[in-house]
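Student: Supplied in C-alpha cells, the structure appears directly below.
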Amino acid sequence: MKIVHDELSIATRGQGLVEITDACADMLRRSALRSGVLTIFCRHTSCSLVIMENADPTARRDLEAWLNRLVPEAGGLFEHQAEGPDDMPSHIKMALTRTSESVPFADGRLRLGTWQGIYLWEHRRAPHTRMLAVAAIGE
Amino acid sequence: MKIVHDELSIATRGQGLVEITDACADMLRRSALRSGVLTIFCRHTSCSLVIMENADPTARRDLEAWLNRLVPEAGGLFEHQAEGPDDMPSHIKMALTRTSESVPFADGRLRLGTWQGIYLWEHRRAPHTRMLAVAAIGE
Amino acid sequence: MKIVHDELSIATRGQGLVEITDACADMLRRSALRSGVLTIFCRHTSCSLVIMENADPTARRDLEAWLNRLVPEAGGLFEHQAEGPDDMPSHIKMALTRTSESVPFADGRLRLGTWQGIYLWEHRRAPHTRMLAVAAIGE
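Residue numbers (my numbering), protein chains in the order written: chain A, 7 to 145; chain B, 7 to 145; chain C, 7 to 145.
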C-alpha cells in the first residue's frame, strides 16, 4: 500500500461544468496503482465537484439552470459582495454540492458507473484557474 | 494495511430511502479488516447516498416530501426529458445529496452515531437495481 | 502506511458554523503522519460539515441566512416534530450539506486552499456537544 499525490489545474471559462474524468484517469495511470481509492479535493469555495451524467449535455444545462433559479444573484440579499453579485451565490452553490469525492478503483480503472462523469463546477461568471488536490491510496 | 473491494446490489421499489447500514456492516465483516475507512460510492446519477436518522420513519418521509417540493416535476422546466418527467428532478436531487461517503471504522465496527443510518436514496419513480462500489482500506 | 483514529468533541452555541480547521490540523500533528488522506466524519444527523471561506465572516452569515430561508421552520409542513420546530429543518440542512469530507495532506499539512476553512455546522437552536470521528491514513 502506498499514497501518490497529484494536482490538477483546470482552466474554466466562467460558470459551468467542466469534465475532469479523463484527467483523473490519467492521474491514476501515472500513479501506477491498480487497486485503491482516489480522493479528489477542490481547493476553492466558489467552485465545487459533482459526479453527473456525461451522455446528454442537456442534462447538465438543466442542472445549471435549475441551480441558478434556486440561488439567484438577487440584489439586496447578501452582505458579502466584495467580488460582485456572483460572489455569494457561488459560495452557496458550492455548499450545496461537494468539495471532496472518493472513488474506488480496481484493475487500474475508476469504478464509475456507465453514465457517470466527474465534473468541476465553476460557479463564478469569470474564467478562473482552479486547483484540485488528488490523492490515490492503494497498491 | 490492505484494500478490500466489494459491490452491493440494491433493489429499490421506486422513490424513497433504502437503508443499507447492515449491508455495509456485513461487507466490513467479510473484509476481516478491523480498523480503517470504508468508502461507499453510488454508481448512478439518478439515485444518491445520504446518512440520515434511522429511528423515526416520519423524519425520512418529511425529508423526501420536502425535496419533492424543492425539485418538482414541473412541466416545461426541463429540456432533458428522455426518460420521463422524473428524469431531470432525479439528477438534481442526486447533485444536492451525495455520491460518495467515507466512514471510519475501528474494532471492526463503523463509527456511526447512535441514530445514524446509511441510505441509498432512489429518486426515480420506477423500481431499479442499483450498484454501489464499496472499498475498505485498513488493517 | 498506517491508520490513526481520533475523535473531536465540539461544543456548539446553537445554530451556526464553528471552525474546526485548527483542531483537524492538531489531530494530524498528533498522528505523526506526513502524507495521506484525512477523513472527517460527523456522527450526527442534525449538524453537518462544510468547507467554506474563512476570511470574511459576512460570507458565513449570508450562507446561514440563505439556508434558513430555503428551509424555514414553517408550521404544519413537518410530521416529525418530536424535538421542536427546528428538528426537521436541521435534518434537511444536514442532508443538503455533508456528513463526511476527505482531505489529502502532504508534508504534514492539510492541502486546503488559501481561503478554505473546515466547519462544523450546528443546525439546532440549542447548544450541543458534537462528536466527529477523524481518521488519518498515510505514512
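Built from N, CA and C at the ideal position, the CB exists for glycine as well. Computed from a predicted model, the values in this text were never measured in an experiment.
Whether or not the segment 69-77 of chain B and the segment 93-100 of chain B are in contact is what I'm after, with contact meaning three or more pairs of Cβ atoms, one per stretch, closer than 8 Å; do they touch?
Tutor: Touching, yes.
Student: What does the Cβ neighbour count give for Glu-128 of chain C, buried or exposed, with the cut at 16 atoms within 10 Å?
Tutor: buried
Student: Under three-state DSSP, which class holds Trp-127 of chain A?
Tutor: Under the three-state reduction of DSSP output, Trp-127 of chain A falls in the strand class.
Student: Please classify Ala-139 of chain C as buried or exposed, where buried requires at least 16 neighbouring CB atoms within 10 angstroms.
Tutor: Burial call: buried.
Student: Where do the ends of the alpha helix (DSSP H) carrying Met-94 of chain C lie?
Tutor: For Met-94 of chain C, the enclosing alpha helix (DSSP H) starts and ends at 93-102.
Student: Would Arg-36 of chain C pass as an interface residue toward chain E - the criterion being a Cβ-Cβ separation below 8 Å?
Tutor: Among the protein chains of the structure shown, namely A, B and C, there is no chain E.
Student: Answer yes or no: do Val-10 of chain B and Ala-142 of chain B have a C-beta to C-beta separation smaller than 8 Å?
Tutor: yes
Student: Please report the straight-line C-alpha distance between Ser-41 of chain B and Ala-88 of chain A, rounded to a whole angstrom.
Tutor: Cα to Cα, the separation comes out at about 45 Å.
Student: Shorter than 8 Å from the beta carbon of Ile-9 of chain C to some beta carbon of chain B?
Tutor: So, interface residue.
Student: Please compile the residues from chain A whose C-beta is within a distance smaller than 7 Å of the C-beta of Ala-141 of chain B.
Tutor: Val-43, Pro-110
Student: Quick check on Thr-105 of chain B: buried or exposed, where buried means 16 or more other Cβ atoms within 10 Å of its Cβ?
Tutor: buried
Student: Val-56 of chain C versus chain A: which residues are under 7 Å apart at the beta carbon?
Tutor: Ala-101
Student: For Ala-132 of chain B, is the classification buried or exposed, using 16 other Cβ atoms within 10 angstroms of its Cβ as the cut-off for buried?
Tutor: exposed
Student: Could you please tell me which residues of the segment 9-35 of chain C, in chain order, have their CB closer than 7 Å to any CB of chain B?
Tutor: The residues in question are Ile-9, His-11.
Student: Any idea if Ser-37 of chain A is buried or exposed, counting beta-carbon neighbours within 10 angstroms, 16 or more meaning buried?
Tutor: buried
Student: Since His-134 of chain C meets chain B, which of its residues come closer than 9 Å, beta carbon to beta carbon?
Tutor: Within 9 Å Cβ-Cβ: nothing; His-134 of chain C doesn't reach chain B, min ~12 Å.
Student: For the alpha helix (DSSP H) containing Leu-34 of chain B, list its first residue and its last residue.
Tutor: From DSSP, the alpha helix (DSSP H) with Leu-34 of chain B extends over 27-37.
Student: List the endpoints of the continuous alpha helix (DSSP H) containing Leu-73 of chain C.
Tutor: 63-76
Student: Cβ of Ala-80 of chain B less than 8 Å from any chain A Cβ?
Tutor: no
Student: Quick one: does Leu-69 of chain C have its CB under 8 Å from some CB of chain A?
Tutor: yes
Student: Between Met-100 of chain A and Glu-13 of chain A, is the Cβ-Cβ spacing less than 8 Å?
Tutor: no
Student: Opposite Glu-107 of chain C in the DSSP bridges: which residues?
Tutor: C:Ile-46
Student: Which residue's Cα is closest to the Cα of Thr-3 of chain A: A:Glu-107, A:Thr-18, A:Leu-102?
Tutor: The first residue shown for chain A is 7 and the last is 145, placing residue 3 of chain A beyond what the model contains.
Student: Would you list, in chain order, the members of the segment 114-128 of chain A that have their beta-carbon closer than 7 Å to a beta-carbon of chain B?
Tutor: Arg-117, Leu-118, Gly-119, Trp-121, Gln-122
Student: Using a beta-carbon distance below 8 Å, is Thr-64 of chain A in contact with chain C?
Tutor: At least 8 Å separates the CB of Thr-64 of chain A from every CB of chain C.
Student: Is Glu-145 of chain B buried or exposed, if buried means 16 or more other CB atoms sit within 10 Å of its CB?
Tutor: Classification of Glu-145 of chain B: exposed, given that the 10 Å Cβ count is below 16.
Student: Using only alpha-carbon positions, find the residue among B:Glu-85, B:Gly-20, B:Ser-52, B:Asp-62 that is nearest to Gly-123 of chain B.
Tutor: B:Asp-62
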